[in-house]
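There are 4 protein chains.
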Amino acid sequence: MAQPKNIAILGASGYTGAELVRIIATHPSMKIVAMTADRKAGQTMGSVFPHLAYLDLPLLTKIEEVDFSAIDLAFCALPHGVTHGLVKSLPEHVKVVDLSADFRLRNAADYKKWYGLEHTAMDIQAEAVYGLPEFYRAEIAKARIVANTGCYVATGLLPLIPLLRAGVVDPTDIVIDAKSGVTGAGRSPKEGILFSEVSEGFQAYGVASHRHMGEFDQELSLAAGTDVTVSFTPHLLPQNRGIYSTIYAKGSAEAVLETLQKQFANERFVHVLPMGEVPATRHARGSNMCLIGVKADRTPGRVIIISTLDNLMKGASGQAVQNANLMLGLQEAAGLEFAPMFP
Amino acid sequence: MAQPKNIAILGASGYTGAELVRIIATHPSMKIVAMTADRKAGQTMGSVFPHLAYLDLPLLTKIEEVDFSAIDLAFCALPHGVTHGLVKSLPEHVKVVDLSADFRLRNAADYKKWYGLEHTAMDIQAEAVYGLPEFYRAEIAKARIVANTGCYVATGLLPLIPLLRAGVVDPTDIVIDAKSGVTGAGRSPKEGILFSEVSEGFQAYGVASHRHMGEFDQELSLAAGTDVTVSFTPHLLPQNRGIYSTIYAKGSAEAVLETLQKQFANERFVHVLPMGEVPATRHARGSNMCLIGVKADRTPGRVIIISTLDNLMKGASGQAVQNANLMLGLQEAAGLEFAPMFP
Amino acid sequence: MAQPKNIAILGASGYTGAELVRIIATHPSMKIVAMTADRKAGQTMGSVFPHLAYLDLPLLTKIEEVDFSAIDLAFCALPHGVTHGLVKSLPEHVKVVDLSADFRLRNAADYKKWYGLEHTAMDIQAEAVYGLPEFYRAEIAKARIVANTGCYVATGLLPLIPLLRAGVVDPTDIVIDAKSGVTGAGRSPKEGILFSEVSEGFQAYGVASHRHMGEFDQELSLAAGTDVTVSFTPHLLPQNRGIYSTIYAKGSAEAVLETLQKQFANERFVHVLPMGEVPATRHARGSNMCLIGVKADRTPGRVIIISTLDNLMKGASGQAVQNANLMLGLQEAAGLEFAPMFP
Amino acid sequence: MAQPKNIAILGASGYTGAELVRIIATHPSMKIVAMTADRKAGQTMGSVFPHLAYLDLPLLTKIEEVDFSAIDLAFCALPHGVTHGLVKSLPEHVKVVDLSADFRLRNAADYKKWYGLEHTAMDIQAEAVYGLPEFYRAEIAKARIVANTGCYVATGLLPLIPLLRAGVVDPTDIVIDAKSGVTGAGRSPKEGILFSEVSEGFQAYGVASHRHMGEFDQELSLAAGTDVTVSFTPHLLPQNRGIYSTIYAKGSAEAVLETLQKQFANERFVHVLPMGEVPATRHARGSNMCLIGVKADRTPGRVIIISTLDNLMKGASGQAVQNANLMLGLQEAAGLEFAPMFP
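Protein chains in written order, with the numbering used here: chain A, 71 to 413; chain B, 71 to 413; chain C, 71 to 413; chain D, 71 to 413.
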């Protein structure tokens, strides 16, 4: 067997970090050689995430303590804003999959608008590839830096990019009503994500203002060849994993289904259901799959498209490993073959 | 103190029956004198619902065993289809609040279309009043038979009726993305509502085919003065209580908010939040309240309206008691004053 | 109707504070005239707890801003350690129900041992009454300061005090395996009570070291007339409300049941189930009830006693109002009559 | 690579069947060639479990339609009582891992006592091996029929067998307070496992009467060399997966920990934590691991032992695959290497 690739996980103490470890634990060609977590430097990963205590993992360190000379690829799971500078400082030979939002927006003004910060690494942004392998596979394979898509955005783009490219839905009237499990909000303690605040409850947040809208607009406009402004409302679900986007559009359900089936016929991780079948978040839980369903609405000319995935997997760490596999010349599905876990 | 009104609960062994008992347990002017549950006749309510075992309640009986001569009002919590015949057979002096769908649709053809059954009591239908007190208060006060609104429908009608009456939203383009807690599906054992199927998961159901659409169309068309066909998609939430409708419409957010504030300024059970504030299902949990929030969407001319309530309360049994209070000449809010329960 | 009693809630921004408001909202003889929350002074209760926004409540203030001259009774829902000094500083005419642990332990050394602090108000401790009305009713009625029992402790003491007094269980061999909903841990953000950490999971904590053991030992030793050291293990349940104590003891199940039935025959808030029936946390949810079940174990001479209550109600705020009713000469059950909420 | 072993799953439509498929989907040396589900014969596994729809699996058939000539091993996930006759009818060359209780009890009278049925295949029982590989590894490797342990029983036996063998805990005074996730109750619709009955609630069941006690007594008596009758109380947790046994015993915590550490030092699937550390069900979720923690109680001479595992994995299907690996001469951990899933 070939030598495994040496992997660093920068920002390993969050849920996406733990999920990267879960995946790589049985990945046939990756080996974790460095893990960082600034505030938890010196601790074992097992003390931060006891479910991983049985694994033989490097100690958590500060980023500046990492010897990058032997690293093939770094997963960057740090907050946006921090990542710019960091990626700039990494040696050229290190490939990067960035799970933050820092290199997703091609335009500095958009970044400023949605994240409230000046972008300080637009030169690196210029070489970054948008990390949705189903549409940018060839570019990702050659990239040094890949900007992993946002979790909500992944659910929307997977069905909508091919539909807008093919012109089968009206780009001026798209509503995305999206719902996410709580892990999407991270592990930092905040009142709003306490068990007693979230369980037995449901609500919208970021109405008409969520940051993922910039990313939606960018990629959907590219696909449509015209400016697209979606209506996007995220909601918080009382469950750990899963994003579910119910998309209301104008177009023929038959054309929509046919376009999606053709687009994804050979994709390992995107499954288009037969006409009228409705996916559920639990059908993708723990796996790297995105499931898409299509149904005609009652009103002629309207179609409902439903897209679901596990936000920690195809919405974050699974997608990241899929991108890394491409960048490292490995099988695209390596380490990602495991089945969804239900119940 | 005046003599309390004698109440019968027909179909007491479901969740709406238990919720009626919970409310009436501390209602100052109602007394439960008969409770029926055909398959559980002869049992105590406490054996069916142990949380109610401490109350002094009549035994569960079959309907034919009830002496209706002393009954002032019957809550009918039976399945649709069954209720027609039953209500027909009740003595004239018994007022009825029907929680089923049997008397909600004014038109026999609509009933046939959505429920697949011939309506066999259209004469009684003719005198039934649609049970949404905020709009039909005077009629309800005089009615013998009131058809309690459907739970999903209540969340949609409360904001949309005044908006369509006032002409401040476009009746041709309304999307209602609705989410409900599991109690809405009742207590009869079915695989789809088992704990292990529902928890940690989310999905749509009845896409483009849910029965509540007939009721939506009827009432919204009346309000708009023109045929309205909403796009309505229900989803199942992994929680017990709560309906949450995210409504996408065309209109001015300011006009929408102003119309709603004016409409509901003096309503005890409908609360319109300040511009941009977002309600949550947990803010209404266990109470008879409906909370409504309004925010302008990013695209000029689009507005997002959010409406939430507890499906067992304002969506069913709370609404039913509110209607009954009106019908019996009691204070409209009697027995319904308790606060929401959070957490 | 008599003038309602003027109530202050000190430390109103936690879950027990919100629960006090929920109860008093429909209490016939109490009126909230002051509410404090140091870090949230100046805010409305509705901004801290949106489910209470519809109520007409005083603004949150700092404690020093409260005019105590017109206050009849203060509920103190502050952290232990803080409460000593505060209660000392209150005017003599103000009755106090303290929900913290500060006045529960009669002995300064025990307080030091379990809470790690010197007790600075032992003079006040001397006049404080232990707040379990089923056993200290007369003393509570005359008390100025009542120390509300701990939530876990309430589930254990209600069955065990009468059993030890009667000598029907062996005081040297009692195991209390207890489980609590998450609200018992409060509302301050901590990693361990985030939704994603708690949901779909279960674990013990504070094994052989939980602070409530001091309170258990004190009250059970008093009841037994000999030193009692229980084995007590608390666990965290993935649910909001409910404490469930499974108690393993040596004694005759028949004698146990008979003793409990006799003890609680006339108690409004303690219900002893028929032999072999098993209570559930949901049967008490939202109410002030404690439910107790008894069953003989397989091994002759061993008995299993199960006790459950809602930790925010009979385990905290409901108990507090019950105590306050006694102290203020009101009906003991006033404001606490509402039924459990299920589902 | 060697030819994969041909596997049949009999009774594939329950949760343990789905879990077997999840495991075998990435097992390097097993291939599912037949799946049965009498009432769902003719359906695809994907229609019964949509999360498995993407896999290439045989159609569900009736058992009598299976060609057993090419089957190496059958997993039997059928109800107890049914399994006797079935296993009897299988060709001699087919190895069997039985997940039911039918071959666990060595004594026909015990079977009658706990399951209420005559045992009709005691000849086969005589050759069946009790399927706990950590203690019966050599026997399992040679067995034709292995009786997979019960889920509760596995959590108890793993720590208690070595402790009783070594004589470090008192066999006359063992209390096992056990809690299980809902999947342990299966997928057949019953009121008691509906979402609205289980969520936000907790309760004991089968107090002093649960069937697993027969299995406990048998194996613990064998280990102790004297009759052991444990006190065992199961409870239902509002979560899908996980069993958690809090065990109260008399013995030295140090001796207990040392015995367990020695026993399990080289076991891949049993992890003994450092003194005083407490496991959680989520730390084992989705994996084949059992985690064990030990702490001295306050009372000298008493020890608390906590054991947790995923009831569908080490408590059922994971254990079954581990047994099958041994029986088929494969690596014991083959197909079971994946990490726990948290959150």
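Glycine included, each C-beta is placed from N, C-alpha and C at the ideal position.
A direct Cα-Cα distance of roughly 54 Å separates A:I317 from C:P74. Taking 7 Å as the CB threshold, B:F272 stays off the interface with chain C.
Per DSSP, the unbroken beta strand (DSSP E) holding D:M100 starts and ends at 100 to 106. In this chain, the alpha helix (DSSP H) harbouring C:L290 covers 282 to 294.
Taking a beta-carbon distance threshold of 7 Å, B:L290 does not count as an interface residue toward chain D. Within the segment 367 to 398 of chain A, those residues whose Cβ lies closer than 7 Å to any Cβ of chain B are, in chain order, D367, R368, T369, R372, I374, I376. The Cβ atoms of B:R214 and B:K165 lie closer than 7 Å to each other. For D:H189, the secondary structure class from DSSP, reduced to helix, strand or coil, is coil. Proximity to D:A123 across A:F145, A:M397, A:N310, A:C360 peaks at A:C360, based on C-alpha coordinates.
The beta-carbon of C:Y314 is placed less than 7 Å from the nearest beta-carbon of chain D.
Each residue's CA atom was taken as its position, placing A:T86 and A:A386 some 7 Å apart. Residues of the segment 251 to 285 of chain B that bring their beta carbon within less than 7 Å of a beta carbon in chain D comprise V252, T253, R257, P259, K260, E261, I263, L264, F265, S266, V268, S269, E270, in sequence order. The contact set of B:T351 on chain A, defined by CB atoms closer than 9 Å, consists of E270, G271, F272, Q273 in chain order.
Below the 7 Å Cβ cutoff, chain D contributes T96 as neighbours of A:E407, in chain order. For B:G186, the number of other beta carbons within 10 angstroms of its own is below 16, and it is reported as exposed. At a cut-off of 7 Å between C-beta atoms, D:S117 does not count as an interface residue with respect to chain C. Taking 7 Å as the threshold, the shortest C-beta distance from B:N310 to chain D falls below it. Membership of C:F265 in the alpha helix (DSSP H) is indicated by the continuous run 265 to 268.
Here B:I133 carries a helix assignment [DSSP, helix/strand/coil]. Around the beta carbon of C:N177, fewer than 16 other beta carbons sit within 10 angstroms, so the residue counts as exposed. Under the 7 Å criterion on CB atoms, D:F412 is classed as interfacial with respect to chain A.
Taking all protein chains shown into account, C:T378 has 16 or more neighbouring C-beta atoms within 10 Å of its C-beta and is therefore buried. DSSP, read as helix, strand or coil, puts C:I376 in strand. Within chain D, the residues whose beta carbon sits less than 9 Å from that of B:Y85 are S266, listed in sequence order. At least 7 Å separates the CB of A:P344 from every CB of chain D. With at least 16 other beta carbons inside 10 angstroms of its own, D:E285 counts as buried.
Only P120, H121, L122, A123, Y124, L125 from the segment 120 to 148 of chain C bring a Cβ to less than 8 Å from some Cβ of chain B.
Counted as a single uninterrupted DSSP element, the alpha helix (DSSP H) harbouring C:T86 occupies residues 85 to 94.
Short of 6 Å from the beta carbon of B:V300, and not among the five residues preceding or following it, lie these beta carbons of its own chain, in chain order: I244, I246, F286. Close to A:Y318, with beta-carbon spacing below 7 Å, are these residues of chain B in chain order: V245, S301. With contacts defined as CB atoms closer than 7 Å, B:A255 and B:I263 qualify as a contacting pair.
Each residue's CA atom was taken as its position, placing C:L307 and D:H305 some 12 Å apart. Counting the other CB atoms within 10 Å of its CB gives C:D168 a total of 16 or more, which places it among the buried residues.
Around the CB of C:P203, 16 or more other CB atoms lie within 10 Å, so the residue is classed as buried. Residues of chain A whose Cβ lies closer than 8 Å to the Cβ of B:K365 are, in chain order, V277, A278. Within the same chain, and ignoring the five residues on either side of A:V118 in sequence, the residues whose Cβ sits closer than 6 Å to its Cβ are S83, K110.
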